[in-house]
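Below is one structure, written out as structure tokens; the observations come after it.
Number of protein chains: 10
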Amino acid sequence: MDFLVRIDTSRAYTLSAEDSKDLIERERVRGHQLMNEGVLRHFWRLPGKHANIGIWSVPDADALEETLNSLPVRPYAEIDVTPLATHPMTVEAMSPPS
Amino acid sequence: MDFLVRIDTSRAYTLSAEDSKDLIERERVRGHQLMNEGVLRHFWRLPGKHANIGIWSVPDADALEETLNSLPVRPYAEIDVTPLATHPMTVEAMSPPS
Amino acid sequence: MDFLVRIDTSRAYTLSAEDSKDLIERERVRGHQLMNEGVLRHFWRLPGKHANIGIWSVPDADALEETLNSLPVRPYAEIDVTPLATHPMTVEAMSPPS
Amino acid sequence: MDFLVRIDTSRAYTLSAEDSKDLIERERVRGHQLMNEGVLRHFWRLPGKHANIGIWSVPDADALEETLNSLPVRPYAEIDVTPLATHPMTVEAMSPPS
Amino acid sequence: MDFLVRIDTSRAYTLSAEDSKDLIERERVRGHQLMNEGVLRHFWRLPGKHANIGIWSVPDADALEETLNSLPVRPYAEIDVTPLATHPMTVEAMSPPS
Amino acid sequence: MDFLVRIDTSRAYTLSAEDSKDLIERERVRGHQLMNEGVLRHFWRLPGKHANIGIWSVPDADALEETLNSLPVRPYAEIDVTPLATHPMTVEAMSPPS
Amino acid sequence: MDFLVRIDTSRAYTLSAEDSKDLIERERVRGHQLMNEGVLRHFWRLPGKHANIGIWSVPDADALEETLNSLPVRPYAEIDVTPLATHPMTVEAMSPPS
Amino acid sequence: MDFLVRIDTSRAYTLSAEDSKDLIERERVRGHQLMNEGVLRHFWRLPGKHANIGIWSVPDADALEETLNSLPVRPYAEIDVTPLATHPMTVEAMSPPS
Amino acid sequence: MDFLVRIDTSRAYTLSAEDSKDLIERERVRGHQLMNEGVLRHFWRLPGKHANIGIWSVPDADALEETLNSLPVRPYAEIDVTPLATHPMTVEAMSPPS
Amino acid sequence: MDFLVRIDTSRAYTLSAEDSKDLIERERVRGHQLMNEGVLRHFWRLPGKHANIGIWSVPDADALEETLNSLPVRPYAEIDVTPLATHPMTVEAMSPPS
Chain A
1 MDFLVRIDTS RAYTLSAEDS KDLIERERVR GHQLMNEGVL RHFWRLPGKH
51 ANIGIWSVPD ADALEETLNS LPVRPYAEID VTPLATHPMT VEAMSPPS
Chain B
1 MDFLVRIDTS RAYTLSAEDS KDLIERERVR GHQLMNEGVL RHFWRLPGKH
51 ANIGIWSVPD ADALEETLNS LPVRPYAEID VTPLATHPMT VEAMSPPS
Chain L
1 MDFLVRIDTS RAYTLSAEDS KDLIERERVR GHQLMNEGVL RHFWRLPGKH
51 ANIGIWSVPD ADALEETLNS LPVRPYAEID VTPLATHPMT VEAMSPPS
Chain F
1 MDFLVRIDTS RAYTLSAEDS KDLIERERVR GHQLMNEGVL RHFWRLPGKH
51 ANIGIWSVPD ADALEETLNS LPVRPYAEID VTPLATHPMT VEAMSPPS
Chain C
1 MDFLVRIDTS RAYTLSAEDS KDLIERERVR GHQLMNEGVL RHFWRLPGKH
51 ANIGIWSVPD ADALEETLNS LPVRPYAEID VTPLATHPMT VEAMSPPS
Chain D
1 MDFLVRIDTS RAYTLSAEDS KDLIERERVR GHQLMNEGVL RHFWRLPGKH
51 ANIGIWSVPD ADALEETLNS LPVRPYAEID VTPLATHPMT VEAMSPPS
Chain P
1 MDFLVRIDTS RAYTLSAEDS KDLIERERVR GHQLMNEGVL RHFWRLPGKH
51 ANIGIWSVPD ADALEETLNS LPVRPYAEID VTPLATHPMT VEAMSPPS
Chain X
1 MDFLVRIDTS RAYTLSAEDS KDLIERERVR GHQLMNEGVL RHFWRLPGKH
51 ANIGIWSVPD ADALEETLNS LPVRPYAEID VTPLATHPMT VEAMSPPS
Chain U
1 MDFLVRIDTS RAYTLSAEDS KDLIERERVR GHQLMNEGVL RHFWRLPGKH
51 ANIGIWSVPD ADALEETLNS LPVRPYAEID VTPLATHPMT VEAMSPPS
Chain H
1 MDFLVRIDTS RAYTLSAEDS KDLIERERVR GHQLMNEGVL RHFWRLPGKH
51 ANIGIWSVPD ADALEETLNS LPVRPYAEID VTPLATHPMT VEAMSPPS
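Protein chains in written order, with UniProt numbering: chain A, 1 to 98; chain B, 1 to 98; chain L, 1 to 98; chain F, 1 to 98; chain C, 1 to 98; chain D, 1 to 98; chain P, 1 to 98; chain X, 1 to 98; chain U, 1 to 98; chain H, 1 to 98.
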């Protein structure tokens, strides 16, 4: 199941330069793990914002919460979550013609 | 997986008396089916509103969308959906003491 | 009478690690008491949020206010309260067939 | 238990002059009944609005919903409900000095 | 003339325990004065909020502003004010039958 | 006592050309009466909007409601009302030096 | 050209008592200058708010910005600006009958 | 003086095909006049919206209101107006070096 | 360049059954064309809503507007557009290790 | 491609006088560079706000994000970005008559 997740990290900018650098590095490592695991399928920066928006693929809301809790930036993040349902046209497009 | 679902049926009040009566009866039947199937676990009226709020238990967002589409009132409904994650204290409360 | 109650505890994250750990433990104890008393009937985490949402069963608004005041997290919490009315279909479902 | 109830009847202005007159008269009669029963304790017009705001005293949300459903204007009304808890100073003010 | 006044005192919770206790006591005294003078006619706690809502009876907006300025909690309060007009049914209910 | 009153008449644009012309003329006449009586002290158009904003001077909210009800455009108007208190500097400016 | 200007000075309440007293005095002096110059034509307190609302008369937006920048309270103020157009009825009312 | 003006013409889509075609043509002619007169200095479509946003250069709010009233689409348009002040850097950029 | 596009088609539900069926079929055909062209890269249904959300890949805003205008559902759609910037981690993930 | 960009720098006012002066000077230099490069095509102050609004011309959202990141004020800025599409009338106006 996919979720549209918007993560605003404006508050992380109140950290000291050292703590901020450490946080960014740990977040980068965790992000690559999630991309490799197929959880973080697509994501983008929102221009002008201290925020990103992405498509997260997990079994359900419990798995999403667990995953978001594993982000080093979580304590500083404002997160908005939208559940997504498969669109019928996506299914058609992936089906072989009969 | 549980969802908090708010269904506002204000627009159904534009139907004729006959169509409205028919819709309510069909909605009542479908509602009892969903309660019996354990999908519609809890629900309430919002006092003063033409709306109800409920806890819907389904595997994922695709199943939720399919279920909401099966409601006779769907074409007239404004629906808001919030995904819910299990709270750790609920798990503790249901576990036998070690 | 049931209330839908949303409790956001974002501000508790400004506490020191020690104070925070103490608060969480006291909140956990109080939560289990309220579950055992049948007051806190159902509750969930909101994924991505520092917040939970639950169904609280109390005689009236005075009892709700008194209960919420008994929560250790109250001084740090943003709380939204929605009164709920019994849905006729819930009554039907709990009645024996005539 | 008291509720602050805001009732906006803007939509009733789409009725014909005759239907509107009939509705206003029936609403007036029902309003006086509720005042005599001590349910509708105080209420006011909101200047400039097609709306009133009042204090409704009922046992709980089920009784409130039942009462609001008894209003002739209900099908045309937008209603907002806020539960109220007794303020400690009100209790003090009504207590005899010890 | 009546006003519906909502007073949110969330910011007062940033005071020290001693200052807070002093403020609450001074506010309680001033509140009873205003109740005795017939200015603060009705008021309630909003469950879950650090806020109250009340009906204030004063000659006009100047008197209201002067009264609100006399509250010890004013510097810490977010206050919302709604002017109220007499409802015709209230007048009818207080009139002797002809 | 002064009120800031915003009157949006967008809905009047659904009238027929004849009804609209008649309404505008009656509104113009009533407006000049209120200006002559010192009730409608200042008012302006909001550029780009089908709305005006003005300063209305009346004894209290009951008088304001009665005045607004006397406007021919009332059934089609969305009206927002803000109570105003005298600013101390206005008083100083109107006082003779001691 | 007139502007409706709302100035909220809530943040000025974080100043020390001495700085606050100095700011209020300088603001009072500047306010009287602007009233004498015919710039600040009318203004009011918003009851319950740390804010005022006024009618400012200046040639254009550049002059308004320059004027607002001359206010001692500017660094602490939240300011909302609404441009106003002359209402035709105001013109009629100031014209001699033909 | 410049204004940022957003014009939403969604409601014009309720016109018949013929009326709509006529309106678009008249609007196009008026738009070119305003561009030639230097009033409509820049404007853009908002992708996905039935709306445009532009920079309008007029002496003051009265002239803006008169100009907007001259648009054939005015009765169907939702218009939002923001006054703009010259930025000091724009002045510097247009000044010859000293 | 990618855009997050939310398309709400609630208004299409006012069409007759026949017109609606025709519209859906034409929209389906156009959707598959855009998927094949790599414009409509991903999209989903929003459960409970008459709306979808998708990732559209086009050179710029002009191309997006032209594409959205080619949708049969455009006259009935409420469309919200958010520009997206490439996230540095996406670039890293697609780069071969050095 | 053009973007409408609103930059609110209210938070920069929490800097010390020295840091603020340095930031303003660096921002002024960077602003002139962007104007000379044709990126920052037009911009204005919003009267009463610590904010400006401008038209930024860049190839796409990636270039916009990179440009905004080059602003010294970025860490203190709240930025809102709206993509703009060319209006057909602008194209016509710049085309030679056939």
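For each residue, glycine too, the CB sits at the ideal point set by N, CA and C.
Those runs of the beta strand (DSSP E) which lie wholly inside the stretch 16-46 of chain F and span at least 3 residues: Runs of beta strand (DSSP E) with 3 or more residues, each lying fully within the stretch 16-46 of chain F, are found at 40-45, listed in chain order.
Interface residues of chain A facing Y13 of chain L [CB-CB closer than 8 Å]: Those are P75, listed as they occur along chain A.
Bridge-paired residues (DSSP) for V81 of chain D: Answer is D:V5.
Alpha-carbon spacing of P59 of chain F relative to I7 of chain C, whole angstroms: If you take the alpha carbons of P59 of chain F and I7 of chain C, they lie about 26 Å apart.
Sequence-distant residues of the same chain with beta carbon closer than 7 Å to A12 of chain P, five excluded per side: Within the same chain, A12 of chain P has close Cβ partners S20, L23, V73 and Y76.
7 Å Cβ cut-off: residues of chain C touching R45 of chain P: Result: E65.
Per-residue burial, A17 of chain L [other beta carbons within 10 Å of its own, 16 or more giving buried]: Counting every other CB atom within 10 Å of its CB across the protein chains shown gives A17 of chain L a total below 16, marking it as exposed.
Presumed contact (8 Å Cβ cut-off) between L4 of chain B and L84 of chain B, rounded CB distance: So it is a contact: roughly 6 Å between Cβ atoms.
Top-ranked residue by Cα proximity to R30 of chain U, from U:S70, U:V91, U:W44 and U:T82: Minimum Cα distance to R30 of chain U is reached at U:S70.
Span of the alpha helix (DSSP H), counted from its first residue to its last, around A12 of chain P: Where A12 of chain P is concerned, there is no enclosing alpha helix (DSSP H), given that its DSSP letter is neither H nor E.
Rounded C-alpha distance that separates T82 of chain A from V39 of chain A: So the alpha carbons of these two residues sit roughly 15 Å apart.
Cβ-based burial, D80 of chain X [other Cβ within 10 Å; buried from 16]: By the 10 Å Cβ count, D80 of chain X comes out exposed.
Cutoff 8 Å: I53 of chain D Cβ touching any chain F Cβ: Not one chain F Cβ lies under 8 Å of I53 of chain D.
Proximity winner among P:E65, P:D2, P:F43 and P:T9, relative to K49 of chain P (alpha-carbon distances): Among P:E65, P:D2, P:F43 and P:T9, the Cα nearest to that of K49 of chain P is on P:T9.
K21 of chain D at chain X interface by Cβ criterion, 8 Å: Cβ-Cβ to chain X under 8 Å: no for K21 of chain D.
Between the CA atoms of M89 of chain F and E66 of chain C - distance to the nearest angstrom: Approximately 22 Å, taken between the alpha carbons.
Extent of the continuous alpha helix (DSSP H) run through L64 of chain H: It spans A61 to N69 - the alpha helix (DSSP H) in which L64 of chain H sits, taken as one unbroken run.
Supposed close pair H87 of chain A, R45 of chain U - CB separation, criterion 8 Å: The C-beta separation of H87 of chain A from R45 of chain U comes to about 5 Å, placing the pair in contact by the 8 Å criterion.
Against chain D: residues of the stretch 22-44 of chain F by CB proximity under 9 Å: So the list reads W44, given in the order they occur along the chain.
Buried/exposed call for N52 of chain D, threshold 16 Cβ in 10 Å: N52 of chain D comes out buried.
Buried/exposed call for E27 of chain C, threshold 16 Cβ in 10 Å: Burial call: buried.
Same chain only: Cβ atoms within 6 Å of I55 of chain L, ignoring 5 sequence neighbours per side: Short of 6 Å from the beta carbon of I55 of chain L, and not among the five residues preceding or following it, lie these beta carbons of its own chain, in chain order: D2, R41 and H42.
Close Cβ partners of L64 of chain X (< 6 Å) along its chain, the five nearest in sequence each way excluded: Residues F3 and V58 of the same chain have their beta carbon placed closer than 6 Å to that of L64 of chain X, with the five preceding and five following residues left out of the count.
Test: D2 of chain U CB closer than 8 Å to a CB of chain X: Cβ-Cβ to chain X under 8 Å: no for D2 of chain U.
Residue(s) in a DSSP beta bridge with I54 of chain D: Just to set this straight, residue 54 of chain D is Gly in the shown sequence, not Ile. According to DSSP, G54 of chain D bridges with D:V5 and D:F43.
Residue-level contact to chain C via CB, P72 of chain F, 8 Å cutoff: By this cut-off, P72 of chain F is not an interface position.
Any C-beta of chain D under 8 Å from that of D80 of chain X: Under the Cβ criterion of 8 Å, D80 of chain X is counted among the residues facing chain D.
Nearest candidate by alpha-carbon position, reference E78 of chain P, set H:E25, H:N36 and H:P47: For the residues H:E25, H:N36 and H:P47, the minimum Cα distance to E78 of chain P belongs to H:P47.
is_contact[T90 of chain F, chain L] using C-beta, thresh 8 Å: Judged by the 8 Å Cβ criterion, T90 of chain F is not in contact with chain L.
Contacts of L61 of chain A in chain L (Cβ-Cβ under 8 Å): Note on residue identity: the sequence assigns Ala, not Leu, to residue 61 of chain A. Those are P47, listed as they occur along chain L.
Counterpart residues of T86 of chain L in DSSP-defined beta bridges: Answer is B:W44, bridged to T86 of chain L.
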